Every structure is written in structure tokens, then in C-alpha cells.
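So the sequence lines, in the order shown, correspond to chains X and A. Per the numbering used here: the first sequence ends with 422, consecutive numbering throughout. Per the numbering used here: the second sequence ends with 422, consecutive numbering throughout. Have a look at the structure below, then the notes.
There are 2 protein chains.
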Amino acid sequence: MADVRTVAGGPVNLADIAPVEGGVTAPRGFAAGAVHCGIKPSPALDLAVLAADAPASAAALFTTNLAEAAPVTVSRQHIERTRGVARAVVVNSGCANACTGTQGLVHAKRMAAETAAALGCAPEDVLVASTGVIGVTLNIDRVVSGICAAAARLAPGGGAEAARAIMTTDPFPKEHAVTVSTPRGRFTVGGMAKGSGMIEPHMATMLAFLTTDAQVPPALLRRALQLSARDTFNAITVDGECSTNDSLFAFASGAGGIAIDEDTYRALVDGLLAVSRELAIGIVRGGEGATKVVAVTVADARSVDEARQVARAIANSPLVKTAVHGADPNWGRIVAAAGRSGVAFDVSRLTVHVGGALLFEHGLPHDESAPVAAEHLRSKSVQIDVSLGTGGGVSATIWTCDLSAEYVRINAEYRT
Amino acid sequence: MADVRTVAGGPVNLADIAPVEGGVTAPRGFAAGAVHCGIKPSPALDLAVLAADAPASAAALFTTNLAEAAPVTVSRQHIERTRGVARAVVVNSGCANACTGTQGLVHAKRMAAETAAALGCAPEDVLVASTGVIGVTLNIDRVVSGICAAAARLAPGGGAEAARAIMTTDPFPKEHAVTVSTPRGRFTVGGMAKGSGMIEPHMATMLAFLTTDAQVPPALLRRALQLSARDTFNAITVDGECSTNDSLFAFASGAGGIAIDEDTYRALVDGLLAVSRELAIGIVRGGEGATKVVAVTVADARSVDEARQVARAIANSPLVKTAVHGADPNWGRIVAAAGRSGVAFDVSRLTVHVGGALLFEHGLPHDESAPVAAEHLRSKSVQIDVSLGTGGGVSATIWTCDLSAEYVRINAEYRT
Numbered sequence: 007m008a009d010v011r012t013v014a015g016g017p018v019n020l021a022d023i024a025p026v027e028g029g030v031t032a033p034r035g036f037a038a039g040a041v042h043c044g045i046k047p048s049p050a051l052d053l054a055v056l057a058a059d060a061p062a063s064a065a066a067l068f069t070t071n072l073a074e075a076a077p078v079t080v081s082r083q084h085i086e087r088t089r090g091v092a093r094a095v096v097v098n099s100g101c102a103n104a105c106t107g108t109q110g111l112v113h114a115k116r117m118a119a120e121t122a123a124a125l126g127c128a129p130e131d132v133l134v135a136s137t138g139v140i141g142v143t144l145n146i147d148r149v150v151s152g153i154c155a156a157a158a159r160l161a162p163g164g165g166a167e168a169a170r171a172i173m174t175t176d177p178f179p180k181e182h183a184v185t186v187s188t189p190r191g192r193f194t195v196g197g198m199a200k201g202s203g204m205i206e207p208h209m210a211t212m213l214a215f216l217t218t219d220a221q222v223p224p225a226l227l228r229r230a231l232q233l234s235a236r237d238t239f240n241a242i243t244v245d246g247e248c249s250t251n252d253s254l255f256a257f258a259s260g261a262g263g264i265a266i267d268e269d270t271y272r273a274l275v276d277g278l279l280a281v282s283r284e285l286a287i288g289i290v291r292g293g294e295g296a297t298k299v300v301a302v303t304v305a306d307a308r309s310v311d312e313a314r315q316v317a318r319a320i321a322n323s324p325l326v327k328t329a330v331h332g333a334d335p336n337w338g339r340i341v342a343a344a345g346r347s348g349v350a351f352d353v354s355r356l357t358v359h360v361g362g363a364l365l366f367e368h369g370l371p372h373d374e375s376a377p378v379a380a381e382h383l384r385s386k387s388v389q390i391d392v393s394l395g396t397g398g399g400v401s402a403t404i405w406t407c408d409l410s411a412e413y414v415r416i417n418a419e420y421r422t
Numbered sequence: 007m008a009d010v011r012t013v014a015g016g017p018v019n020l021a022d023i024a025p026v027e028g029g030v031t032a033p034r035g036f037a038a039g040a041v042h043c044g045i046k047p048s049p050a051l052d053l054a055v056l057a058a059d060a061p062a063s064a065a066a067l068f069t070t071n072l073a074e075a076a077p078v079t080v081s082r083q084h085i086e087r088t089r090g091v092a093r094a095v096v097v098n099s100g101c102a103n104a105c106t107g108t109q110g111l112v113h114a115k116r117m118a119a120e121t122a123a124a125l126g127c128a129p130e131d132v133l134v135a136s137t138g139v140i141g142v143t144l145n146i147d148r149v150v151s152g153i154c155a156a157a158a159r160l161a162p163g164g165g166a167e168a169a170r171a172i173m174t175t176d177p178f179p180k181e182h183a184v185t186v187s188t189p190r191g192r193f194t195v196g197g198m199a200k201g202s203g204m205i206e207p208h209m210a211t212m213l214a215f216l217t218t219d220a221q222v223p224p225a226l227l228r229r230a231l232q233l234s235a236r237d238t239f240n241a242i243t244v245d246g247e248c249s250t251n252d253s254l255f256a257f258a259s260g261a262g263g264i265a266i267d268e269d270t271y272r273a274l275v276d277g278l279l280a281v282s283r284e285l286a287i288g289i290v291r292g293g294e295g296a297t298k299v300v301a302v303t304v305a306d307a308r309s310v311d312e313a314r315q316v317a318r319a320i321a322n323s324p325l326v327k328t329a330v331h332g333a334d335p336n337w338g339r340i341v342a343a344a345g346r347s348g349v350a351f352d353v354s355r356l357t358v359h360v361g362g363a364l365l366f367e368h369g370l371p372h373d374e375s376a377p378v379a380a381e382h383l384r385s386k387s388v389q390i391d392v393s394l395g396t397g398g399g400v401s402a403t404i405w406t407c408d409l410s411a412e413y414v415r416i417n418a419e420y421r422t
């Protein structure tokens, strides 16, 4: 949690939140299982099932890309039909099942149906996610046998293998869990995510799965998920891309016995925030070719939207990202990116700090601070602060990574 | 011209247009001179003066970046005051004179005044441009001695040395000239440009200088410049960045004796288009780290703005650009970029061709075409065609380059 507090600095009340082991299966009432069924050419895990012991409250946010993948369409339909109840989610990596037409929809529905059969629930109680290459038809026979095998392996300690099974080019699995103490007792929130390429601020930027053993009505879970995603999963960018498959799921089993209502709502949000931040920043840290995590905070804007728009322009600028990679305190590229962001401000009131060192103020550079900023840029965690000086007092943070030659190598060689 | 016709395919009437030598000084009534005055650490040329023999009609388009550089501010003021008349433009490379405060404005005005003194005209008859590192104060003494030396070298054959003097990280100089035949006689259009980094579709993306010996009223020259820039300099992108210094200038000396009016206006536009296309595509070809030029044409949109918005999303996508670099016919990344562009369309009506090979139609891939597309992607000039299938019938083209590890190397090491 120390890392999250340092990098993010948000509203989470750390005194009531403590990290625990177990990832997505840390909360009571959940089990997971993962197998290699042969979608990936390597022997790595490529299929996982995450299941609740009984029907759970569920909420989800999906990609805004028009070219939405079949599993997104099917999951959207299922969660609408059940009005926010689900028993499980099935995920494969290695194949996105996107741009696969009617056949793709048939396959995604089949994945739900097979998982439902193994668990003894209705197909619409199962959500589906896929990640990997676009435009390749799923080898559905392998997937079906994988679902049977994964369902047979379901275990309360299965979170770690599930977190590995959802990876594509991710350099490391991303999982996290916390306990949240409230006057009514303690509940647990867990999660896992995969990221790497096609990461950008619009929903939803990746696959992520959150669980809690608190008892939460579906509508409240959905509201808490939207709020916690805004400053975490929706505030990161690796390359400005928005995938066809991005999905964020949350499940509440109620197995821990703590009921969430309007009085304890904030504790739920804090728990989701704590896990989501760790996962979201993990996605950036594991971004394709990334060597550093960069927090871009834009302050003194007139609105959160304007603060985010400027922060995103800076965070997505290839020139800023390469300068960070080269540990170059090139505030000029930061000023230029802010200047073309489309948000109006007075350049003579703009200030730029890198690692706390003032580099630009009153329209002029502070070259004497450059060595301090350059030293900061050599670290793994970079802080860029821009104040627009509008007098509006509003701020927002976007997390990104540097742009390295390795990003190009990965993406020039990924498919062929 | 064959190259321009193949890549661009626009409204230029090639029968009446013929390339000639001489670049920006090919038209009569212009002279140029360039020197090394010590702004660049290397012994390369770093200062140029382009002058008309007598007051000329002038038009200019400038960056839309809020952090506009001092020379942009001064040039904007000068051309407004003279209502479109100028005698010369002075350009330095190696230092952008941007984010340099009041001192920067003093220096830019001094550059105009010294050039005016050397030519015997008013300071406001001189326009100013700078390119290079942001936030560094000009060594004005060196610049002033450079202006004197460059003015002393002014020659009708000086276009080639001027084109070299405006380069920063450009791998080669960009100059072009054509003669345009009209029923009233023949006139000449010439030009030079510098590009490389910070290239994106919003005006103005680079420094470019156009000349003609036709006689053109300032208002008509401005209209023709805006029209010809729309599909050339404003239709290219290297990295989605918009510089603080982007400027496009056009000068008409009238020395060739052909008067342009509404009847011959189209011939002037065609001449400007022919030179601008060659220069604009040259900027893309010489983009930082570029190994290929990519034309992204989006057809059957409802409006030109929507066609361009989709084309820009594809042309600026790091995943598409790296796939092109790796000769990977990854139509999925093209579909995904179009899908997140913000323009509404029906994915089942979308088609994607690469090098004429159909890769995506009716929501499904055509994998049998992938080898043909991959072969096309190994060439230096790549054509991506996307049809939105809206029935609107409108199209637009954006030119970009691939994204290579070399781009990262250049930009991680440029300043420090």
C-alpha cells in the first residue's frame, strides 16, 4: 500500500485498509481454476474460470470501441438480462474472438453455456471475456475441453493461476487484495487484471476482475465500480489505444456477511479503489516496453474534464514519453503537448515541475533545476506536475509509461 | 510527378504541370542565401534568408498551439500590419526561440530588423521563423552576424543551400518546383520545407516556404494557400504532435508577368498543390525514424471531417504504425483504431484493403489475402484503404509513416 499511497495519493483511508494475500479469490465465496487448453502456442495457461459459490451481485463496464468483440456483446446481454447477477466468468487468452462475425457470437455463447453446464447454472449467469489476437476464430473444441478441466480445478486458492492465465504480452501477473475495516466488521476485496498493449483512458482499457465478500445490491455495486474505475482503470494510458475487448467485472458474493448500504458505501468504494489502483498502476508498469511509471498531474484547471484532457495529451505524447525514457527533463515537450490539448489557458501562468523541481514558470525555463529533474527521471516512478493557473483549483492525474524501442519491437513482431 | 500522382491521386491536372529544378528560388524574382553562424554545434548551415527582389504578396498559416513561439508571434503581427506584403523571410535552425518570454520576442524582432537593414526595407516587411530546441535563448550576436553574411550571399540559385539550412533532424532536404502552363502563359511555383518530429495534421506541422513568380493579390494568395494546405501540409502526421513553431509561408513576386485572377485561380492552386504534396510527402518520408510512407484513405464517409477523423485515428495509431513497420497485415488494429475514432459507422459495412488486397469485409477477415498484403507492406510506399460504408460517398487521405525503434532512439537522445 505504501506504493499506492506514494504514486496515487487519493482519498483512500489507509488506516482502515490492509493488503492480504490471495488476489481475486481472497474474498470468501469465490473459487478459480486455470488450465492450458492449447489456444496459445506456448504451454502457458490460457483459460480460466472464476466462480462464486452461489449467485453473486455483478457489475461490468465495457469498451466503447464500435468494433466490440463477441464476448463483450454476450457479457453485456447476459448481465442486462439477469439485472446484475452472475455465477461465474470464463476467460481465455491468446485469441480475442473479435471481428469474428456470427461464428464469434456462437463461440462466446458456447463458452458461457459450457461453463454454466459445469457449474449447474443458467448460461446467462456466466460472463465471458477473451484477449489476444483479433480476427482469428476460436478453436472452440479446445476451449470447451479447457472449460471442463478448469471447472474441475476450481479452488478457493486458485486466484494466482487465474491471474497468470489471462496474460498475453504482460511481463508479470497483476493481482491484489485488501481487507477493509468498518464499524460493522471487516470485508475483503480482491482482483486481477491483464493489460500491456491497447491501453488508453476511455473505458475499459484491459481485462480486470474484482471480487468482494461483502453483500452488495447490484445497483450499488455498479455505482461503486463506476466511481472507482474513473480514477484508476480509466485514468491510465500506455499507447492511447482502446481495445475491442476491454472489460471490467465486479462480483460481490456476500459470503463475508457484511452488508453494504448507503452508510458503508464509501468503505466499499475505498476497497475497490485500493485494489483497482494497484492493478491499474501494475498495468502501466507492465505496459509493452515500459521501464518507468509516469504520473501526470494537472492542477488548477477549471474542471476535472479539462484537467484530464491536458493530462492525457501529455501522457499520450510520444515526444514526452521518449524524453522520459531518455531521462531528458524536456519541459518544452510538456508545454507543447499542453498547448495543443485543446484546453484554453494562459501559457504565462503555466508551471511545470518534474520530480518536484520547477522547470517552467512565467513563460520561461528554470534551467538550474534541470539536473535535479534529470536525476528524478532516472528513477522507476516519475511525477510530472503541471499547473494551468486558471484559478479553478481542480486537478486530475493520468498514469502512463515511457515509450521505448522495446514497445516497437513487441508490436512490430507480435502477430506474424 | 509520377510519385505524387501514384501516392496522392488528387485534382492536379498533370498535363499542365512539369517539374523544374531550383526549389524555392526557381520562380523569378527570388534569391536566397544560407550560412553557418554557430547556432547548431555542428558546422552545418543554420541560418537562411529568402528574399524577393521587390515587395511581394505574402500569405502565412501558423501553428494552433497555445504555446506559440516568438517568431510566430512576430510574423503574425508583421503580415497583419502589411496586409499581406513582404520582402523576405529569415529562418534559423538549431534553436526554436520558443518559451523564451519577452527576451524571445526582442530577439525575433531583432532578426526582422537586421534582415530589413541588410535589404533596405521596413522591419515589418520581414517574416521570421525558427526551428530547433524549445526553451533555449537565441545567441543573438551570432544570429545577427549570420544575417549579414546570408544577405551578402543572396543569389537566384540559393534555394538548395536554404533548404539545407532549415533542417534539424531531417535526413534529407526537401525542395520542389514546377512550371504551370495556362492559356495566358506559364508561371513557376517553388518551395522548400523542413519536418521530422512534431508533425501532425493541425496546421502547420513544420516550416514550409512557397514562392511563385505569378502576380497574385494578397487575398487570393491567402485563399489558394489555405486550400492547397488542407490536402497536403494539413493532411500529414508523423507522431500526432503539433509544434510551437509551425509556419507555412507563400510569396508571390509577380516577376514572371502572369497575373492570377478568379479565372486562373485554379491553376495557381494546382501549382501550389503540386509543390506542397511533394514537400508534405517528403516530410513524412523523412519523418523521424521513418522507413515507409503510408497513405490512409477513408472512403464512403458522411463528411470530409468524419473521413479525416477516422483516417487520423488510424494514421496516428502506434499499433497500426508498428504493424506497418513489421510488415504485418494486422487489419484488426486498423478496425480497432477506426472503431475508437469517435465517428459512428456500422462495423459490418466496413471494408479494409491494404495494397489493394481485401482483408476485412462483412465483419470478417479475408485471411487468404494476408500474404499479398504482407508483400505490399514490405515496400516503401504503403496504401491503406478503409470504406466506412455509410453511403455518404465522401473520402479523405492522411499520410503518415511507420513507427520504428529509431524514432524512440532519436527522441530519447535529442536534447541531452
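Yeah, the Cβ is synthetic: ideal placement off N, Cα and C, and Gly gets one too. Model, not experiment: these values are computed from the prediction.
Continuous beta strand (DSSP E) stretch holding residue i: start and end
i: residue 200 of chain A; result: 191 to 200
i: residue 276 of chain A; result: From DSSP, residue 276 of chain A is part of no beta strand (DSSP E) but of the alpha helix (DSSP H) over 271 to 291.
i: residue 182 of chain A; result: 180 to 188
i: residue 338 of chain A; result: From DSSP, residue 338 of chain A is part of no beta strand (DSSP E) but of the alpha helix (DSSP H) over 337 to 345.
i: residue 100 of chain X; result: 91 to 101
i: residue 302 of chain X; result: 299 to 307
i: residue 401 of chain X; result: 400 to 407
i: residue 391 of chain X; result: 387 to 393
i: residue 259 of chain A; result: Where residue 259 of chain A is concerned, there is no enclosing beta strand (DSSP E), given that its DSSP letter is neither H nor E.
Range of the contiguous alpha helix (DSSP H) that encloses residue i
i: residue 154 of chain A; result: 146 to 158
i: residue 86 of chain X; result: 76 to 87
Nearest-angstrom Cα separation, counted from residue j out to residue i
i: residue 302 of chain A; j: residue 371 of chain A; result: 19 Å
i: residue 396 of chain X; j: residue 36 of chain A; result: 46 Å
i: residue 173 of chain X; j: residue 52 of chain X; result: 8 Å
i: residue 281 of chain X; j: residue 254 of chain X; result: 13 Å
i: residue 122 of chain A; j: residue 312 of chain A; result: 45 Å
i: residue 165 of chain X; j: residue 198 of chain X; result: 8 Å
i: residue 405 of chain X; j: residue 161 of chain A; result: 53 Å
i: residue 274 of chain X; j: residue 25 of chain X; result: 15 Å
i: residue 251 of chain A; j: residue 68 of chain A; result: 8 Å
i: residue 139 of chain X; j: residue 417 of chain X; result: 12 Å
Pair within 8 Å by beta-carbon distance, residue i and residue j
i: residue 256 of chain A; j: residue 32 of chain A; result: no
i: residue 71 of chain X; j: residue 39 of chain A; result: no
i: residue 218 of chain A; j: residue 239 of chain A; result: no
i: residue 296 of chain X; j: residue 407 of chain X; result: yes
i: residue 75 of chain A; j: residue 136 of chain A; result: yes
i: residue 363 of chain A; j: residue 379 of chain A; result: yes
i: residue 354 of chain X; j: residue 369 of chain X; result: yes
i: residue 144 of chain A; j: residue 216 of chain A; result: no
i: residue 361 of chain X; j: residue 382 of chain X; result: yes
i: residue 306 of chain X; j: residue 201 of chain X; result: no
i: residue 134 of chain A; j: residue 118 of chain A; result: yes
i: residue 82 of chain A; j: residue 58 of chain A; result: no
i: residue 392 of chain A; j: residue 316 of chain A; result: yes
i: residue 264 of chain A; j: residue 191 of chain A; result: yes
i: residue 320 of chain A; j: residue 289 of chain A; result: no
i: residue 327 of chain A; j: residue 388 of chain A; result: no
i: residue 243 of chain X; j: residue 318 of chain X; result: yes
i: residue 120 of chain A; j: residue 85 of chain A; result: no
Closest by C-alpha distance to residue i, when choosing among the options
i: residue 413 of chain A; options: A:25, A:168, A:293 and A:160; result: A:293
i: residue 102 of chain X; options: X:212, X:374 and X:126; result: X:212
i: residue 6 of chain A; options: A:249, A:268, A:56 and A:243; result: Given a span of 7 to 422 for chain A in the structure shown, any question on residue 6 of chain A remains unanswerable.
i: residue 115 of chain X; options: X:142, X:150 and X:89; result: X:150
i: residue 365 of chain X; options: X:352, X:22 and X:390; result: X:390
Integer Cβ distance of residue i from residue j, believed to fall under 8 Å
i: residue 348 of chain X; j: residue 104 of chain A; result: In fact, because the Cβ distance is near 19 Å, the residues do not count as touching under 8 Å.
beta-carbon residue i near the ligand GTP non-hydrogen atom, thresh 7 Å
i: residue 126 of chain X; result: Ligands in the displayed structure: none, and consequently the ligand GTP is not present.
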